[in-house]
Amino acid sequence: MEQRKKVIPESYIPIEASRTLRLEGKDYLLMNDAMYTFYERSMGEFSQFFMALRDEKKILGCRCSACGIVRCPPMLTHCPDCAFAPTEPIEVGQTGKLLSTPPITYFATSMFLDKAPFGRGRVVLEGADTALSIMLYTTTGILTPGIMKKGTEIKVVFQDERTGQISDIFGVPTSELTPEQVQKPGLLTSELNWAAVKEPDLGQATEEAKRVSQGALVELESLLKEMNASKRASKAIENWKRTIAVKTPAVEFGLIIDNGRIWLEKGRPKSSDFVMATEDIRVLLDGLNYKGAITDAIVKRKLWISKNIEFVTIFKLDRLARFLAREKKEGAAKG
Amino acid sequence: MAKKKSFAARKVGIVGASVTPFKGRWVEKTFYDLAQWATRDALKDAGISPAEVDAVAYGIYNDIFERAAIPEHPLQGIIGLPNKPGIRVTNGGATGIYTIASAFAFVASGMYDTALVLGVEKATDCYDFVSRSATPEVIKTIAWSGDSFFEQKIGWTASDSYAEVILAYMDEHPGDLKPEVTAKISSVLSEHVKTNPYAQRQFDQVTPEEVLNSRYIVYPLKEMEICVYSEGAAALILAEEETAKAIAKNTGRPVVWITGVGLSNEWSFAGKGMNHWGRIYSHHVAAQQAYEMAGITDPAKEIQVIELHDAFIQQLEISMAEMGFVPMGRADALIDDGLMLDGGPISVNPSGGLLYCGHAVGASNIMSAWAARNELIDKGKHRALVHGTGSTICQYGGVAILEHED
Ligand SMILES: [Zn+2]
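One line per chain: the protein sequences are A and B, in this order.
Numbering of the first sequence is given in my numbering, commencing with residue 4 and proceeding in unit increments.
Numbering of the second sequence is given in my numbering, commencing with residue 4 and proceeding in unit increments.
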């Protein structure tokens with residue numbers, strides 16, 4: 004995982020500038036701005052918990068001296084269910100079961116765009132009675148629904164470089180690990196066997212597939228023309244620039260996005276920002292035609308992209324499709 | 004569950020209401036002007052001047068959206084209420100319903116005779132300069148609401164938090180919340196919004212198929228099952244019984260009485276012994292309190308209009324079950340049995356809800372109350388329920404019962 008040097012990455016910070024936006028014949032001012040506060044945050048009663056993650060690769064809970072319930076994370080120093088009897092720190096296990104089926108974030112906040120898709124789930128660790136919320140990953144590629152559900156056994160894994168925060172740990176299903184890895188306390192990210200990001204083998208195209216692809220390409224070109232002609236649709240890709248190398252068994256081409264415009268260039272592009280591969284070019288065409296999202300095609304493994312961070316571009320393409328479909332529909336409704 | 008004591012207080016009614024248009028972005032107006040606009044229109048609706056308003060409760064959810072701590076202080080003078088009491092309420096997504104409850108308490112207690120409920124929110128000034136779009140920064144701003152020690156740093160968002168609850172419910176009731184039902188509900192709401200000229204998506208009617216085809220944002224939630232961020236303001240004028248009757252006589256618009264209010268804040272951390280996981284208990288408790296106060300014993304028979312905080316369609320379904328309109332585990336009866344279809348017994352979100360009218364957070368539940376009041380008066384219906392939800396894992400729940408006697 005990427006180690007960031009600054010609390011706020013340089014790339015997030017806009018330049019000092021303003022611009023004018025004209026709306027219905029009147030000008031309005033838009034100002035680049037930020038509201039920021041820096042902290043040297045005191046971790047107080049949670050210090051032990053976070054230092055145990057950082058320094059000892061251990062997970063602490065807190066045990067109520069009256070009822071014996073073990074809470075992890077150790078949320079409180081006194082138990083509200085037992086007339087505020089004091090709690091004491093206690094180490095808990097590093098495997099546990101998911102309390103419920105975890106959500107998977109495909110569209111993340113601006114701080115987590117490079118981490119998506121990720122799961123976040125509540126694991127009741129061995130020796131604990133309450134659930135610890137952690138990020139969840141699969142070592143097998145993109146996280147899709149069904150890999151983890153209620154009751155799935157999870158192993159906590161520690162980042163190699165830790166600073167004493169909850170993101171120092173995450174979970175993977177124990178079924179993806181060797182028994183030795185499951186047993187090992189303080190298992191590190193670098194000890195896992197992460198699936199390499201490799202392009203799927205698309206195989207050879209049949210003559211029939213080649214013919215179908217040619218037809219699809221013609222359709223795609225006319226669809227892109229419509230998108231460029233629509234001011235509303237273009238908004239989805241304004242200020243965005245990407246060259247996508249699209250690979251199918253029958254045909255390869257470049258999909259170019261450049262500040263509100265999108266077009267196709269025949270043949271493999273000389274250089275590209277990322278690769279999109281699919282056995283059936285119709286998957287991409289349907290997505291752009293607003294018949295099933297491209298995001299979902301990736302989730303369902305019908306389409307592959309070489310960089311997860313480019314989900315950002317995929318969202319823009321899905322949006323482009325929606326904006327155009329909506330414009331056409333409203334146009335039809337108005338006659 | 005906290006027991007509600009017998010409730011002795013003054014009767015409180017709504018005598019004026021307004022909303023500004025909800026829009027994806029109000030470049031033309033700051034929240035100062037939006038707030039004043041809603042105030043002007045609500046006062047006009049009630050036919051009174053600022054001098055006749057005794058107090059104000061502001062519903063403004065997020066300081067970061069407004070880009071100011073204490074964002075309400077400039078408003079006091081702008082809305083013409085200097086040297087009068089003002090209280091700002093911020094309770095996550097449920098800010099609006101808690102603001103209504105606070106102003107209700109002001110008036111019911113006898114402290115003040117009239118009160119203004121004023122909700123306003125900006126949102127989409129937040130902008131991510133990396134992806135060159137607003138949404139990732141808007142959801143980041145909301146994500147500062149996750150627990151700051153254990154949740155914010157692992158990608159907590161409002162969507163993933165509500166998704167957790169929904170998935171836990173689906174673990175318990177695997178046959179419920181069928182995708183074709185959630186898609187149909189979204190489609191039904193998109194039809195309702197046609198008659199709401201203040202809505203962000205008045206002309207965005209969608210078919211169930213389009214909903215099914217929309218992309219995952221957070222599994223299992225699809226784009227067209229999620230509310231949209233909005234900017235706008237909404238206001239209500241509340242008054243005690245005699246004042247309310249006098250105002251109604253003057254305007255010719257009947258008083259809509261607030262006959263029940265319930266609020267509940269759950270634990271925010273899930274786990275054995277710490278949460279009713281797979282349930283939205285806050286909505287259940289808030290509804291029970293409100294029913295008790297209003298003397299309702301069978302909500303499905305006694306309530307005709309519901310303006311429900313539909314942050315997510317799946318949550319709308321669970322909330323309807325928690326509030327007693329459908330059985331837990333059989334929330335799909337809303338569609339399968341036609342309960343919320345045209346001609347069915349319950350009108351759910353005639354405004355189009357937060358999905359289609361929009362979610363201008365601090366103003367949203369106040370918009371819902373505005374819509375419920377219109378529905379009662381204009382359609383001659385008797386009783387409505389206004390609902391709000393907010394905070395992590397639907398931790399906050401609020402319910403108000405509105406009644407129209409004519
Ligand atoms: Zn205890």
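Think of the CB as a built atom: it goes at the ideal place given N, C-alpha and C, for glycine as much as any other residue.
Are the beta-carbon atoms belonging to residue i and residue j less than 9 Å from one another?
{"i": "B:Leu239", "j": "B:Val351", "result": "no"}
{"i": "B:Asp301", "j": "B:Glu320", "result": "no"}
{"i": "B:Glu194", "j": "B:Gln208", "result": "yes"}
{"i": "B:Val168", "j": "B:Ile396", "result": "yes"}
{"i": "A:Tyr109", "j": "B:Val221", "result": "yes"}
{"i": "B:Val22", "j": "B:Ala41", "result": "yes"}
{"i": "B:Gly332", "j": "B:Met296", "result": "no"}
{"i": "A:Asn35", "j": "A:Ile145", "result": "no"}
{"i": "B:Ala38", "j": "B:Ala236", "result": "yes"}
{"i": "B:His362", "j": "B:Tyr232", "result": "yes"}
{"i": "A:Leu26", "j": "B:Glu31", "result": "yes"}
For residue i, which of helix, strand or coil comes out of DSSP?
{"i": "B:Leu78", "result": "helix"}
{"i": "B:Pro348", "result": "coil"}
{"i": "B:Arg256", "result": "coil"}
{"i": "A:Phe256", "result": "strand"}
{"i": "B:Glu154", "result": "coil"}
{"i": "B:Tyr172", "result": "helix"}
{"i": "B:Cys397", "result": "helix"}
{"i": "A:Trp350", "result": "Limits of chain A in this structure are 4 at one end and 338 at the other, which puts residue 350 of chain A out of reach."}
{"i": "A:Met279", "result": "strand"}
{"i": "B:Thr300", "result": "coil"}
{"i": "B:Asn377", "result": "helix"}
{"i": "A:Leu287", "result": "helix"}
{"i": "A:Lys152", "result": "coil"}
{"i": "A:Lys60", "result": "coil"}
{"i": "B:Ser134", "result": "coil"}
{"i": "A:Glu19", "result": "coil"}
{"i": "A:Gly295", "result": "coil"}
{"i": "A:Met4", "result": "Interpretation of A:Met4 is limited by its pLDDT of 49, a score under 50 that renders its predicted location unreliable; the figure taken from the coordinates is listed afterwards. It is coil, neither helix nor strand."}
{"i": "B:Arg70", "result": "coil"}
{"i": "B:Asn65", "result": "coil"}
{"i": "A:Asp30", "result": "strand"}
{"i": "B:Met4", "result": "Unreliable positioning characterises B:Met4 in this predicted model, as indicated by a pLDDT of 44, which lies under 50. A coordinate reading is not provided."}
{"i": "B:Trp159", "result": "coil"}
Can you grab the Cα-Cα spacing for the pair residue i / residue j, in whole Å?
{"i": "A:Ser136", "j": "B:Thr160", "result": "13 Å"}
{"i": "A:Phe49", "j": "B:Phe152", "result": "8 Å"}
{"i": "B:Ile229", "j": "B:Ala111", "result": "35 Å"}
{"i": "A:Phe318", "j": "A:Val278", "result": "15 Å"}
{"i": "A:Ile157", "j": "A:Phe121", "result": "15 Å"}
{"i": "A:Ala69", "j": "B:Tyr284", "result": "27 Å"}
{"i": "B:Gly19", "j": "B:Ile338", "result": "34 Å"}
{"i": "B:Lys197", "j": "B:Glu378", "result": "14 Å"}
{"i": "A:Ala253", "j": "A:Glu211", "result": "10 Å"}
{"i": "B:Ala126", "j": "B:Phe132", "result": "16 Å"}
{"i": "A:Asp261", "j": "A:Glu229", "result": "16 Å"}
{"i": "A:Asp171", "j": "A:Glu129", "result": "19 Å"}
{"i": "B:Lys384", "j": "B:Glu406", "result": "9 Å"}
{"i": "B:Ile349", "j": "B:Val308", "result": "6 Å"}
{"i": "A:Leu227", "j": "A:Thr298", "result": "19 Å"}
{"i": "A:Glu2", "j": "A:Val126", "result": "Residue 2 of chain A lies beyond the residue range present for chain A, which begins at 4 and ends at 338; the question has no answer from this structure."}
{"i": "A:Arg123", "j": "A:Val315", "result": "20 Å"}
{"i": "A:Ser274", "j": "A:Thr246", "result": "8 Å"}
{"i": "B:Tyr399", "j": "B:Trp270", "result": "9 Å"}
{"i": "A:Ser14", "j": "A:Met114", "result": "11 Å"}
{"i": "B:Val184", "j": "B:Met173", "result": "14 Å"}
{"i": "B:Met114", "j": "B:Arg13", "result": "10 Å"}
{"i": "B:Asp381", "j": "B:Gly255", "result": "12 Å"}
Output, in chain order, the set of chain E residues within a Cβ distance shorter than 9 Å of residue i.
{"i": "A:Val185", "result": "Here chain E cannot be found, since the structure's protein chains are A and B."}
Under 6 Å, CB to any heavy atom of ligand 1. Which residues pass, going along the chain? A:Cys67, A:Ala69, A:Cys70, A:Ile72, A:Cys82, A:Asp84, A:Cys85, A:Ala88
May I ask you to list, following chain order, the residues of the region 123 to 141 of chain A that have a beta carbon less than 9 Å from some beta carbon of chain B? Arg123, Gly124, Arg125, Val127, Ala131, Asp132, Thr133, Ala134, Leu135, Ser136, Ile137, Met138
Using a Cβ-Cβ cut-off of less than 7 Å, list which residues of the region 126 to 147 of chain B approach chain A; keep chain order. Asp131, Phe132, Val133, Ser134, Arg135, Pro139, Glu140, Ile142, Lys143, Ala146
Please list, in chain order, the residues of the region 93 to 110 of chain A that have any C-beta partner in chain B closer than 9 Å. Leu102, Ser103, Thr104, Pro105, Pro106, Ile107, Thr108, Tyr109, Phe110
Contact set between the region 192 to 203 of chain A and chain B, restricted to residues whose Cβ is under 8 Å from the partner: none
Can you give me, in chain order, the residues of the region 7 to 23 of chain A that have a beta carbon less than 7 Å from any beta carbon in chain B? Ser14, Tyr15, Pro17
Contacting positions in the region 314 to 333 of chain A - beta carbon closer than 7 Å to chain B: Val315, Asp321, Arg329, Glu333
Going along the chain, which residues of the region 206 to 222 of chain B sit with their C-beta nearer than 7 Å to a C-beta in chain A? Phe206, Asp207, Asn216, Ser217, Arg218, Tyr219, Ile220, Val221, Tyr222
Between the region 59 to 89 of chain B and chain A, which residues of the former have a C-beta closer than 7 Å to a C-beta of the latter? Ile67, Arg70
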